[in-house]
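In my numbering, the protein residues as written are 97 to 533.
Okay, here's the thing in structure tokens:
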């Protein structure tokens, strides 16, 4: 083991060397910009380098989309704790299956960005990157001396994607944000659940996930723009705005009439019947909204007289009289089990469906036939079955190669790519600046 003074001296030398490289503006190491998916048959983002910093959902879910599309995603984590999602149960030997599924096909670099040596390593990593994705609170990177402006100045081709709760500016910018907070503030909870019922959030983390998908779209758009002029840019994605953007019909109702949309259970705000209806054993879904589907629905379930009923004569009338309509429908559908009605409606070509739970979904014959689920290997957890990508590209398919990394699993690999030797890494590890799995 080196004497502590010699270790500190080597660390100072390492910082000077890294700083010299990081402060040079990086135009490109690969020559002229190449179209995405330049390798024949390779995933669309093959050759694109992404650095991800964040916890839990929005940033990591965006990073997963980019990894699925073939980007090399390096996940930067604190060497002692890592992404907080690593603590999500169930755990096996300290490893989280939830984390491993969400962070598939990424590499983990465990490095302390609060230490000068760690920051200099990060600057070198950012100088080689095409994209940085982070979902930290605004100002966090500035406090670390790694502001988006400084990183963009050092690497003119960098696409810097900041996913935050409220956006990088505005009155709410400094507020903490969680998915449920944004669901409440965005109006989503006001239209979810039954009318007059207790507040209900959407079952999945829809504000996080929507922001992540917008971040992915914006990343691809920024990379495409860079092909034209060689310049990167800052991308500002707000969970709040992402969630509000989903209120397509609600905005039309409010701005058009002044009416405030409210919760309506499973029903649609603009058409009927389009909701869950009760059978003798359980509920099922019906969407008979067009004139042909309405006619076919009435014929299939034996409700022909409803076609001539003035209360239900057209789509607008059915919407105005929805409560009476549903009572008339359920007077019949409650007499037989759901499967009976579903068979009749499917035969008649009427849109209809079951209300499945996830034990049904994760064993669904259609998803199995299309090979939607993927089995990925993890060195501790073994084979993990998870969700595949719904993006199916015929010529340049997405890839799923491995489960999410152990903390620091690729630290040595990534640092070698940055030009650090074994002695440098040993010094950083002994000082607690990096961790290696």
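The beta-carbon is built from N, C-alpha and C at its ideal position, and this holds for glycine as well.
Sequence-distant residues of the same chain with beta carbon closer than 7 Å to residue i, five excluded per side
i           : result
residue 365 : 345, 349 and 357
residue 193 : 186, 477 and 480
residue 437 : 375, 380, 397 and 429
residue 237 : 230, 243 and 244
residue 408 : 402, 414, 417 and 421
residue 166 : 138, 139, 140, 141, 142 and 495
residue 440 : 396 and 397
Beta-carbon separation (whole angstroms), residue i vs residue j, contact threshold 8 Å
i           : j           : result
residue 414 : residue 423 : Not confirmed; about 13 Å, so no contact.
residue 208 : residue 174 : 6 Å
residue 473 : residue 499 : 6 Å
residue 359 : residue 154 : That pair is no contact at about 26 Å.
residue 150 : residue 231 : 4 Å
residue 378 : residue 452 : The pair is not a contact, with the Cβ atoms about 11 Å apart (cut-off 8 Å).
residue 482 : residue 197 : 4 Å
residue 291 : residue 361 : 7 Å
Residue i versus residue j: straight-line alpha-carbon distance, rounded
i           : j           : result
residue 298 : residue 285 : 7 Å
residue 376 : residue 427 : 10 Å
residue 497 : residue 214 : 29 Å
residue 195 : residue 343 : 30 Å
residue 271 : residue 182 : 25 Å
residue 253 : residue 229 : 14 Å
residue 354 : residue 283 : 15 Å
residue 401 : residue 463 : 39 Å
residue 148 : residue 326 : 22 Å
residue 406 : residue 447 : 24 Å
residue 511 : residue 222 : 13 Å
residue 242 : residue 475 : 33 Å
residue 240 : residue 142 : 30 Å
residue 265 : residue 425 : 50 Å
residue 449 : residue 382 : 7 Å
residue 410 : residue 392 : 14 Å
residue 466 : residue 260 : 35 Å
residue 518 : residue 526 : 12 Å
residue 522 : residue 516 : 10 Å
residue 160 : residue 184 : 18 Å
residue 137 : residue 388 : 44 Å
residue 305 : residue 157 : 7 Å
residue 123 : residue 323 : Model confidence at residue 123 stands at a pLDDT of 36, short of 50, so the residue's coordinates are unreliable and nothing is read from them.
residue 524 : residue 162 : 30 Å
residue 249 : residue 218 : 15 Å
residue 372 : residue 319 : 43 Å
residue 294 : residue 152 : 27 Å
residue 412 : residue 315 : 41 Å
Short Cβ contact (8 Å threshold) for residue i with residue j
i           : j           : result
residue 397 : residue 431 : no
residue 179 : residue 146 : no
residue 487 : residue 275 : no
residue 204 : residue 502 : yes
residue 458 : residue 484 : no
residue 202 : residue 176 : no
residue 470 : residue 139 : no
residue 279 : residue 347 : no
residue 289 : residue 300 : no
residue 333 : residue 258 : yes
residue 370 : residue 385 : yes
residue 351 : residue 281 : no
6 Å Cβ shell around residue i - same chain, five flanking residues per side excluded
i           : result
residue 268 : 262
residue 330 : 244 and 256
residue 529 : 208, 211, 213 and 214
residue 507 : 205, 206, 530 and 532
residue 513 : none
residue 311 : 158, 257, 259 and 333
residue 234 : 260, 264 and 269
residue 455 : none
Unbroken alpha helix (DSSP H) run spanning residue i, endpoints
i           : result
residue 173 : Careful: residue 173 lies outside any alpha helix (DSSP H), inside the beta strand (DSSP E) at 168-173.
residue 441 : 434-443
residue 411 : 411-416
residue 310 : 302-325
residue 350 : 344-353
residue 364 : Segment: none, residue 364 is in no alpha helix (DSSP H) and carries neither H nor E.
residue 189 : From DSSP, residue 189 is part of no alpha helix (DSSP H); its letter is neither H nor E.
residue 277 : 275-281
residue 463 : 461-465
residue 162 : 154-164
Residue range of the unbroken beta strand (DSSP E) whose run includes residue i
i           : result
residue 379 : 379-383
residue 148 : 145-149
residue 260 : 255-260
residue 469 : 469-474
residue 372 : 370-374
residue 204 : 202-207
residue 514 : Looking at the DSSP string, residue 514 is not in any beta strand (DSSP E), and its letter there is neither H nor E.
Contact set for residue i: own chain, Cβ-Cβ below 8 Å, skip 5 residues either direction
i           : result
residue 399 : 393, 424, 425 and 428
residue 128 : With a pLDDT of only 38 at residue 128, under 50, the local geometry of the prediction cannot be trusted, and the value read off the model is given with reservation. Within the same chain, residue 128 has no close Cβ partners at all.
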